[in-house]
Structure formats: C-alpha cells, structure tokens
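Have a look at the structure below, then the notes.
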Amino acid sequence: MFKLIIAGLFIFVASVNVQAETCPSHFANNSIPKLTNLKLSSHGHQLCYEAYSVYTSGLTRTAIWSAERLTPSNLELASRLQREDSFHPEPGIPYEDRAELKNYARSGYDRGHMSPNGDMPTPTAQHESFSLANMIPQNPQNNRGLWAGIESSVREYTKANGSEVYVVSGPAFLADTNNQLEALKGRVLIPTHIWKALYNPATGEAGVYWVANANVHDFETISLAELNKRTGIDVFPNVTESTKQTAMMLPYSGKKFRKRYYEKKLSLDVMPPLLAEMLKFKQGLNRVY
C-alpha cells in the first residue's frame, strides 16, 4: 500500500461541463452531473454504456460518478440474470489513465461496483458493469454488507415506486491532515467515503446515502447540496433548489437495520422504536439516533 500526497485535490475553483455524449437518457432531465471541482476532471473520460454512464479520472483511476436510470421493468429483467463475473480493464480509456486487474490483486480491497451488476437488465449490460471504469477499491465487508443492502433497497424502492428513479453513485477522497490518500500499487486511489444519490421525478424528492469506506453498519443521509459541498459534484444539476436542499427519507431494508431517524422539515425529532420497526418494511429510515 502506498500513500500519495494529493495537494489541493478538493479545492473548488470552477465548474466543469461534460457533454452528455450519446446517452442523455441515463440522466435526470437529460442533464449530466456537473463537476464544480476542476481537479476532478484531470484526464477525465466519460463513457456511455447500455444501462449506465460513467465518468472517470486519470488522477484517481476510478469512477468519479456512475449514473443510471432505474425502472421496475428493467429491474425485473435484471433479477432473472445469473451473475457472471467478468472484471476487465476499460479499453476505451488510455492505459495511463485506467486501473488494471493487477492493481487490485491481493490488495485486500474489493472491486466495488458503482452502478451495480444487480441493476443490469441484459447480458451485455451486465458485462459492461464489470468494467474497472465502474469500480473503486472498496472495503470488502462494506461492499458485501451495508452497501449491498443499500443497492438492494434502492431496487425495492424503485419497484414500489412504480416508475423511473435516477441514481448516481461515486467515491469521495477526503485527504487526512497531512493531505495524503492511500493508493493501490501506487496507482488507484482508495476513497475514504462512498455515496449514492437518488432522485424521484414523480415526487420531486432526492437524497444521498453517505458511507465511510470501512467496515461500518450505518450510513448518513445528506442532501444533494451537501454532497456538492463535500465532493464538488452537482449530480442532478437541473432539479429545483428546494429538491437540492432537502434530503428525502431514504429506503433501507438491509440485514444490519438500526433504528433511524430522517431529516424532514415536519418530521419528529425522535422516532419511537416501535414505529421505526413498523416503517422498516415499508420504506426504511435514515441516520442512527
């Protein structure tokens, strides 16, 4: 394991617009995520796939964001597919800007999907989801525990919603007090946090799961505006300011369920445990109280 000094990686200096290329349908209101942190665009590459689009950085050699449009019908198709692992380097990215399989080998980290395999409706889409462009170095307990529960909860929420839901997922690299981050084989930066943003056009609600990249069992719920402050990414640039400022009650039905509360203007400050258990099966709650 190497530690790299990343000077000023998260100094927000300007906004960067990336064109939606040929896959605007993956983005809410056909609007691609907007980078408000110029340095995240270093050696940037945007790729369009059948079921998702990803933006990568040659600085981190990971996904910066990965965007998808979920529908109940596509998730039904995805549920019928058997997982076939086919991890591969991304040929659409130059070697010097991409991760290689050997970078992850015997590292102690999983190759963690940002747009998950379980969302992919066809064999082609499933194969594309295993591109290393869609991966980050992820704590294995996190990947197979809390994060898997979040991914499953988003799928169940979309099915229950009965219509489309837009999702953008990505890593955050918050350097320590010495301005250092760890890297796999000195090449692939290890994120300190992972996030997944939801937007429901039918209700106008949005929210973000914020998770430490560690063996943890809880997530924090934050707004789109707060995500932008922390990461320098405006994931849904064309939604209303009210939607950006207000965090919705996020679904969670994973095995590691804890009593949670949610941040809403008219919500209770403390939710009784019995009520929390009742709501668990309906839509889940948010932060630990």
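In this note's numbering, the protein residues as written are -15 to 273.
C-beta: ideal position from N, C-alpha, C; glycine also.
Here the structure is a predicted model, which is why all the values come from computation and not from measurement.
{"Item": "Within 8 Å, strictly: CB atoms of Ser91 and Pro124", "Value": "no"}
{"Item": "Helix, strand or coil at Leu252 [DSSP, three-state]", "Value": "Confidence at Leu252 is low in this model, with a pLDDT of 37, below 50, so its placement is unreliable and the value that follows should be read with caution. It is coil, neither helix nor strand."}
{"Item": "One or two residues paired with Lys23 in a DSSP bridge", "Value": "In DSSP, Lys23 forms no bridge with anything."}
{"Item": "Distance between Gly42 and Leu85 (C-alpha atoms, nearest Å)", "Value": "16 Å"}
{"Item": "Straight-line Cα distance separating Asn127 from Ser(-1)", "Value": "Low confidence applies to Ser(-1): its pLDDT is 35, below 50, so where it sits in the model is not reliable, and the reading given next is rough at best. If you take the alpha carbons of Ser(-1) and Asn127, they lie about 31 Å apart."}
{"Item": "Cβ neighbours of Ser313 in the same chain (closer than 8 Å, five flanking residues each side left out)", "Value": "Since the displayed the chain opens at -15 and closes at 273, residue 313 lies outside it and no answer follows."}
{"Item": "Beta-carbon separation (whole angstroms), Leu65 vs Pro107, contact threshold 8 Å", "Value": "7 Å"}
{"Item": "Bounding residues of the alpha helix (DSSP H) (the contiguous stretch that carries Gln125)", "Value": "124 to 128"}
{"Item": "Glu60 in three-state terms, based on DSSP", "Value": "helix"}
{"Item": "Buried versus exposed call for Gln229 [16 or more other C-beta atoms within 10 Å across all chains shown]", "Value": "exposed"}
{"Item": "Strand pairing of Asn153, partner residues [DSSP]", "Value": "The sequence shown places Ser at residue 153, not Asn. According to DSSP, Ser153 bridges with Ser50, Lys180."}
{"Item": "Selection from Glu80, Arg171, Met233 that minimises the alpha carbon distance to Ser137", "Value": "Met233"}
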